[in-house]
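Protein chains in written order, with our numbering: chain A, 6 to 736; chain B, 47 to 196.
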Amino acid sequence: MKPVLKIEDFINNGIDQVGGKAFCLAKIHEMGFIVPQTVCIPCQIYNNYLKHTPLKDTILLEINRKPFKHMRWEEIWDISLRIRNLFLTTPIPQNIQKDLFSLIVESCGNNPVAVRSSAPGEDNAASSFAGLHDSFLNIIGANNIIKHIKLVWASLYSDAALLYRKELGLDIHNSQMAVVIQELIPSDRSGIFFGINPSNLNESVIESVYGLNQALVDGDVEPDRWILSQSSGKILSHIEPVRKQYAYPNTEGVGFADLSKEKNQKAPLDNQEVFQIWETGREMEALFGRPQDMEWTFCKNQLIILQSRPITSAGFKESDDKRTWYLTLHRSYENLKKLYIKIEQHLIPQMIAEAKRLGQINFQTMTTKLLCQEIEQRQKIYDHWVKVYWADFIPFAHGIRLFGQVYNDAVTPDDPYEFMALLENTGLKSIERNRLLERLAKMIRNNIDLKNMLENDLIPEMDHPFRSLLDKFVEEFGDLSCSTGSGNECQYGDNGIIRLLIEFAKQPPKQKHIDGSDIKLLKENYIHSFPAQKKKFAADVLHLGRESYRLRDDDNIHLGRIEARLIESVSEGQSRLSDPLISTDEQRMLAQIPALSMVPDDASRSLEPALSDKTSKRWFKFRQIVGHPAGPGIATGKARLIKNPQDLLDFKQGDVLVCSGVDPNMTFVIPLASAVVEERGGMLIHGAIIAREYGLPCITGASQAMQLIENDDQITVDGYLGIITCKTDEL
Amino acid sequence: MDNNIEHSLEQITTLFDSQRLAVLSTQSQDQPYASLVAFAADDNLEHIFFLTPNTTRKYENLITNPKIAILVNNSLNQADDIYKAVSVTGIGSAAVVETSDKTQLLNMYLKKHPHLKGFSKATTTAFICVAMKRYFMVNQFQNVVEIQVK
Numbered sequence: 006m007k008p009v010l011k012i013e014d015f016i017n018n019g020i021d022q023v024g025g026k027a028f029c030l031a032k033i034h035e036m037g038f039i040v041p042q043t044v045c046i047p048c049q050i051y052n053n054y055l056k057h058t059p060l061k062d063t064i065l066l067e068i069n070r071k072p073f074k075h076m077r078w079e080e081i082w083d084i085s086l087r088i089r090n091l092f093l094t095t096p097i098p099q100n101i102q103k104d105l106f107s108l109i110v111e112s113c114g115n116n117p118v119a120v121r122s123s124a125p126g127e128d129n130a131a132s133s134f135a136g137l138h139d140s141f142l143n144i145i146g147a148n149n150i151i152k153h154i155k156l157v158w159a160s161l162y163s164d165a166a167l168l169y170r171k172e173l174g175l176d177i178h179n180s181q182m183a184v185v186i187q188e189l190i191p192s193d194r195s196g197i198f199f200g201i202n203p204s205n206l207n208e209s210v211i212e213s214v215y216g217l218n219q220a221l222v223d224g225d226v227e228p229d230r231w232i233l234s235q236s237s238g239k240i241l242s243h244i245e246p247v248r249k250q251y252a253y254p255n256t257e258g259v260g261f262a263d264l265s266k267e268k269n270q271k272a273p274l275d276n277q278e279v280f281q282i283w284e285t286g287r288e289m290e291a292l293f294g295r296p297q298d299m300e301w302t303f304c305k306n307q308l309i310i311l312q313s314r315p316i317t318s319a320g321f322k323e324s325d326d327k328r329t330w331y332l333t334l335h336r337s338y339e340n341l342k343k344l345y346i347k348i349e350q351h352l353i354p355q356m357i358a359e360a361k362r363l364g365q366i367n368f369q370t371m372t373t374k375l376l377c378q379e380i381e382q383r384q385k386i387y388d389h390w391v392k393v394y395w396a397d398f399i400p401f402a403h404g405i406r407l408f409g410q411v412y413n414d415a416v417t418p419d420d421p422y423e424f425m426a427l428l429e430n431t432g433l434k435s436i437e438r439n440r441l442l443e444r445l446a447k448m449i450r451n452n453i454d455l456k457n458m459l460e461n462d463l464i465p466e467m468d469h470p471f472r473s474l475l476d477k478f479v480e481e482f483g484d485l486s487c488s489t490g491s492g493n494e495c496q497y498g499d500n501g502i503i504r505l506l507i508e509f510a511k512q513p514p515k516q517k518h519i520d521g522s523d524i525k526l527l528k529e530n531y532i533h534s535f536p537a538q539k540k541k542f543a544a545d546v547l548h549l550g551r552e553s554y555r556l557r558d559d560d561n562i563h564l565g566r567i568e569a570r571l572i573e574s575v576s577e578g579q580s581r582l583s584d585p586l587i588s589t590d591e592q593r594m595l596a597q598i599p600a601l602s603m604v605p606d607d608a609s610r611s612l613e614p615a616l617s618d619k620t621s622k623r624w625f626k627f628r629q630i631v632g633h634p635a636g637p638g639i640a641t642g643k644a645r646l647i648k649n650p651q652d653l654l655d656f657k658q659g660d661v662l663v664c665s666g667v668d669p670n671m672t673f674v675i676p677l678a679s680a681v682v683e684e685r686g687g688m689l690i691h692g693a694i695i696a697r698e699y700g701l702p703c704i705t706g707a708s709q710a711m712q713l714i715e716n717d718d719q720i721t722v723d724g725y726l727g728i729i730t731c732k733t734d735e736l
Numbered sequence: 047m048d049n050n051i052e053h054s055l056e057q058i059t060t061l062f063d064s065q066r067l068a069v070l071s072t073q074s075q076d077q078p079y080a081s082l083v084a085f086a087a088d089d090n091l092e093h094i095f096f097l098t099p100n101t102t103r104k105y106e107n108l109i110t111n112p113k114i115a116i117l118v119n120n121s122l123n124q125a126d127d128i129y130k131a132v133s134v135t136g137i138g139s140a141a142v143v144e145t146s147d148k149t150q151l152l153n154m155y156l157k158k159h160p161h162l163k164g165f166s167k168a169t170t171t172a173f174i175c176v177a178m179k180r181y182f183m184v185n186q187f188q189n190v191v192e193i194q195v196k
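Structure below.
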């Protein structure tokens, strides 16, 4: 079989070889509709590539490292990232490459093309999951096309595909992928046609933008939208957006530009063209026997069909789990840029101002009625910010992933996480907090009288420099034993923070070892990997990645401060409720506040694993637990399980932090830790971020670590391999 | 934890039932030695049995130094064995069975290996019992659990 098939040969070779997209295009072409010039790299070539390289076994190892049911979405993304890099770094065997190269040169020359997935099974009625596999626009040159063919192959294992592996029947032994290469149409206007409106079966939908379709598909440009009668094509409504931009083929990729004033005011389609698209869509429906989801474009007023696939009701939208939401976390660069401005310029300043404003309200002098109103108000404010956190902050974390992908595509490093080195030292709030802790510890280290005083549970007077700095710390970050930011109300509790500072003072500060020259070199190499016209883009994506990394941690600190203000007011309410002198009216008012009537979440609920019966002759111990390597290095220490925030205050130098999930409000003990183990998985979780900042070995995704490891167990954390070894009795 | 131990013991039993052969490690004068034996285990996994000619190096070794290790696994010589296969190593102390219940134990052993009946009857064949001390089970690439049985 030839490695590059012409469209006339698609149908003869069958859908199993050319995939759903290519097969449908061939049928559309056969019916006399205009489609872009298209060739196909059949599945056979993918299979040969896997057969003649170690790729298949390596992918199997990646996928089977841990049961999927124990993985979070972030871990699946990590697997996908590693597999993508395997494809990028595994050369196509010479004998396949040679033919492929010459035939691509012959078919495409130096013309820009689109490289798209065409998996057998994809685009058929049973599994029409749009966007599971990758497509790339405006790719020029045979070598570059081949690189993107590999990326399309790799998208067989995209995180979305892995999430929907059951529905797709993804199985490395049998799954395969063809690739479609199409001439890039310099679109004037483009869009989609939806044969059936998902919310009204009697309607069809057309969406259209100026320029390339990519802007519409990625959600970067808001389209004009027409609702039509499904049976007659009559326009029922036309929703016009504020038209601003359009997408165009940029130097290898897609660029955005402002629309002219004339186009700003004018819909991309006139009524006749809307009807023409509807009519064509109906013909597609007749051809394929089902209502279609069709992508089209106008070039010089000629309608060209880019692809067509059946609409299925079994798509993402109907799944009742969180996978649909996970997939919305994939954001385009344009989308993330807008989100960054929103977060940095609006949301975070608003959160800071909100926390400050709430902190200035003295509710202790309030009547109970006003206090109740205040608690309810704070609850609303906090709930609002939690929604914002999920809607904007979490999706923005995708900036890190986007940068990782851009880095790996350009640099093709052996280590798929090499890019992480360029994200460190972004000035995290939690590092700023830890630096302040270190300053306090240094005061204790250098002042024996102060040390003795603190060890005897005495706190220096207000004018003492240590006390001033401690107050400043507590004002900013809380006393750590209460909760973040609740400084005003904390009376240094049981002196938890003092105990912690004494522990900090026992040894010199932990220095992070960063080889600045290596980072500089890495950055230069990254930027150097892009052509001159794309260097600015490379630098911008790096900046976006760094900001995403910083905010990933900081936003929790800001949210924690608002939460602390809520907790303060709730504590005041609880205190009044327990006052025996309270009136019945006041008691009734307070009891009606949900935050006060709820049974408090038992944060300290014991996660104590059932003790192994060491008295019996049989005992059982996990010797090795496998997670994901998230911070290189190796360290041994006593396990300190964090079941509630108070456990952090008992943390000792050299302990290994073992927890189900760390948030940045808890990471102040990291400078004391010798290593970090987190049950939650993923390279981007907070424990991993902060561990890397301190250069500590870190393992994430160690499922059930809290059950399998016990406090004081001697454990070795191998952050290179992601293996925790528990010391057991000698043989 | 009790569930874990029960589950792990079940997994070991299933593996032992599915495999006929085990790799036996003995040693003499600081020199480890490995050999293949047809094994059987009792119901509570406290003992493992095998037959060996008493002229072999393994026999010689275990008589001199009864501390042995034994490995059973279900790999299929495929790349995916690395995460699919289960492997169990046991350590214990080996001795020739010369007790009164030898016939009963040998019958139990021959139930699994009936074709070795003739071999078992030879004068030079020794019936070995290993009193197991601890098992180490590896699955899913690098997950390891330890179970002390005695």
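From the three backbone atoms N, C-alpha and C, an ideal C-beta is built for every residue, glycine too. Note that this is a predicted model, so its numbers are computed, not measured.
I want to see whether chain B comes within less than 8 Å of residue i, judged by CB atoms only; does it?
i	result
Gln629(A)	yes
Leu10(A)	no
Phe92(A)	no
Leu66(A)	yes
Asn69(A)	yes
Ala130(A)	Bear in mind that the predicted position of Ala130(A) carries a pLDDT of just 46, short of 50, making it unreliable; the figure below should be weighed with that in mind. Chain B contact via Cβ: absent.
Asp420(A)	no
Lys2(A)	Lying outside 6 to 736, the shown extent of chain A, residue 2(A) is not represented and no answer is given.
Asp62(A)	yes
Ser324(A)	Here Ser324(A) scores only 48 on pLDDT, less than 50, and its place in the model should not be relied on; the value that follows carries that caveat. No, Ser324(A) lies away from the interface with chain B (no Cβ there is under 8 Å from its Cβ).
Leu736(A)	yes
Could you give the residue range of the alpha helix (DSSP H) that holds residue i?
i	result
Ile177(A)	No alpha helix (DSSP H) contains Ile177(A), which DSSP labels as neither H nor E.
Thr63(A)	60-68
Thr285(A)	276-293
Lys103(A)	99-113
Ser74(B)	Per DSSP, Ser74(B) belongs to no alpha helix (DSSP H); it is in the beta strand (DSSP E), 67-74.
Phe408(A)	403-416
Lys540(A)	540-582
Ser166(B)	163-167
Can you tell me which residues form a DSSP beta bridge with residue i?
i	result
Asn202(A)	Asn205(A)
Cys175(B)	Phe95(B), Ala141(B)
Cys45(A)	Leu10(A), Val185(A)
Leu662(A)	Arg645(A), Val681(A)
Trp390(A)	None; Trp390(A) has no bridge partner.
Kindly give me the distance between the Cβ atoms of residue i and residue j, rounded to whole angstroms, as I take these residues to be in contact under 8 Å.
i	j	result
Val184(A)	Ser123(A)	6 Å
Tyr387(A)	Leu601(A)	Incorrect: roughly 15 Å between the Cβ atoms, too far for contact.
Phe542(A)	Leu442(A)	Their Cβ separation, rounded to whole angstroms, is 39 Å, which puts Phe542(A) and Leu442(A) out of contact at 8 Å.
Asn413(A)	Phe401(A)	That pair is no contact at about 20 Å.
Gly286(A)	Gly200(A)	6 Å
Does the CB of residue i have a neighbour CB from chain A at under 8 Å?
i	result
Phe62(B)	no
Asp88(B)	no
Ser71(B)	no
Val191(B)	yes
Tyr129(B)	yes
Ile137(B)	yes
What span of residues does the beta strand (DSSP E) with residue i cover, start to end?
i	result
Leu117(B)	113-119
Trp301(A)	297-304
Arg438(A)	First-last for Arg438(A): 434-450, but that is the alpha helix (DSSP H), not the beta strand (DSSP E).
Asp229(A)	229-234
ask   = Along the stretch 142-168 of chain B, what residues have a CB closer than 8 Å to any CB found in chain A?
value = Result list empty, no residue passes.
message = At a CB distance below 9 Å, what residues from the stretch 706-730 of chain A approach chain B? Give them in sequence order.
response = If the cut-off is 9 Å between Cβ atoms, the stretch 706-730 of chain A has Gln712, Leu713, Leu726, Gly727, Ile728, Thr730 near chain B.
key: the stretch 99-119 of chain B: positions lying closer than 7 Å to chain A by Cβ   = So the list is empty, because no residue satisfies the distance condition.
query = According to a CB-to-CB cut-off of less than 9 Å, which residues of the stretch 89-117 of chain A neighbour chain B?
reply = Answer set for the stretch 89-117 of chain A: empty.
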